[in-house]
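In this note's numbering, the protein residues as written are 1 to 254. C-beta: ideal position from N, C-alpha, C; glycine also. Structure first, commentary second.
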């Protein structure tokens, strides 16, 4: 996971800049949980960030345990502050070396993190180690060939950068196959992340994603200005929720 996540500023704005309406988080959590065929599953969230999914899964999936793993100490501090839960344990670690014993989990979630992991084969083998036989890995991402987020409309340079660093669908599935995973399904799922373009503008102003660090100050301000203008023209009586779509790859361990 990129060392940019050691950035205390980014960790401090990440929760507010990436949280979603509770109804959306509910839908995402139940979708992820639907791929587990066991009651009270043990869950690990790799690259847990500030723990939004950890806390939501603890509340909604009746898990036996939830472990959130992240390489960033500042992110984990924010997770404890915003998303502590009796069923959740946060651990410092990497996707390549998860600090738990083997054969422990029924479900591994990798949400918006796969593009930070250059050695995906090593990651897949590590997940195979910590998952129980028949365990499930859910990868929530946007594959290179399907980059379609609203952020690219205002910062088109980010699309060019993400085309270089995001893996394709075949890249990911082939790498995980080498570790013994088989593909159950790959779907597309979208839910609102803000209730209006004005809210979206307020979030993006804090630069809450690591990709913004790749822009110059002038490039960021130019895009933010275009977004501000559109947000100000949005009718206050008819705000339009901003939806984000993600690819969801579900893989099973033999």
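Does the pairing of the stretch 184–202 with the stretch 221–230 give three or more beta-carbon distances under 8 Å? Yes, since at least three Cβ pairs between the stretch 184–202 and the stretch 221–230 fall closer than 8 Å, the two stretches touch.
Inter-residue spacing [alpha-carbon to alpha-carbon] between residue 251 and residue 121: Position 251 of the chain shown, counted from the start, is the residue given in the question as residue 251. Position 121 of the chain shown, counted from the start, is the residue given in the question as residue 121. Roughly 14 Å separates the two Cα atoms.
Secondary structure at residue 89, three-state DSSP: helix, strand or coil? Counting from one through the chain shown, the residue named residue 89 turns up at place 89. Here residue 89 sits in strand by DSSP.
Compute the distance between the beta-carbons of residue 36 and residue 108, then report whether it is under 8 Å. Against the chain shown, residue 36 aligns to sequence position 36. Against the chain shown, residue 108 aligns to sequence position 108. Contact: no.
Counterpart residues of residue 181 in DSSP-defined beta bridges: Taking the first residue of the chain shown as 1, we reach residue 181 at position 181. For residue 181, which the question treats as bridged, DSSP gives the partners 253.
With DSSP collapsed to three states, give me the class of residue 36. Locating residue 36 in the chain shown gives position 36, where the first residue counts as 1. Residue 36 carries a coil assignment under DSSP once its states are collapsed to helix, strand and coil.
Helix, strand or coil for residue 8, going by three-state DSSP, please let me know. Reading the chain shown from its first residue, position 8 is the one you call residue 8. Three-state result, residue 8: helix.
Which value, in whole angstroms, describes the spacing of the CA atoms of residue 212 and residue 156? Along the chain shown, read from residue 1 onward, the residue named residue 212 stands at position 212. Along the chain shown, read from residue 1 onward, the residue named residue 156 stands at position 156. Approximately 12 Å, taken between the alpha carbons.
Using a Cβ-Cβ cut-off of 7 Å (strictly less than) and excluding sequence neighbours within five positions of residue 159, which residues of its own chain qualify? Indexing the chain shown from 1 puts residue 159 at position 159. The beta carbon of residue 159 lies closer than 7 Å to those of 147 and 152 in the same chain, with the five residues before and after it left out.
Where does residue 74 fall in DSSP's three states? What you label residue 74 is simply residue 74 of the chain shown in a count that begins at 1. In this structure, DSSP gives residue 74 a helical state, which the three-state scheme calls helix.
Tell me which same chain residues have a C-beta within less than 7 Å of the C-beta of residue 76, skipping the five on either side of it? One-based indexing of the chain shown puts residue 76 at position 76. Excluding positions up to five away in sequence, the list reads 70, 90 and 92.
Is residue 111 helix, strand or coil when you go by DSSP? Your numbering for residue 111 matches position 111 in the chain shown. Looking at residue 111 - three-state DSSP - the assignment turns out to be strand.
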